[in-house]
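Numbering (my numbering), first residue to last: 12 to 67.
Here is the structure we will look at, set down as structure tokens.
Here you go:
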């Protein structure tokens, strides 16, 4: 006989990460720092795009 239980999730598993990210955003904002996380496949042109943007 199969029995089932329903679990109610009351807190996201990412809550610790969310708190750290919020602190980082606040710290960077206070210092006037702009942070950009560029993610893509290898060879897709991330570095080229950044270099061209910085040099323009």
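Just so it is clear, CB atoms sit at the ideal spot from N, CA and C, and this is done for glycine as well.
As the structure is a computational prediction, the values presented were derived from the model and not from experiment.
Residue 30 - containing alpha helix (DSSP H), residue span: 26-42
Sub-7 Å separation of residue 44 and residue 57 beta-carbons: no
Same chain only: Cβ atoms within 8 Å of residue 29, ignoring 5 sequence neighbours per side: 23
Unbroken alpha helix (DSSP H) run spanning residue 57, endpoints: 57-66
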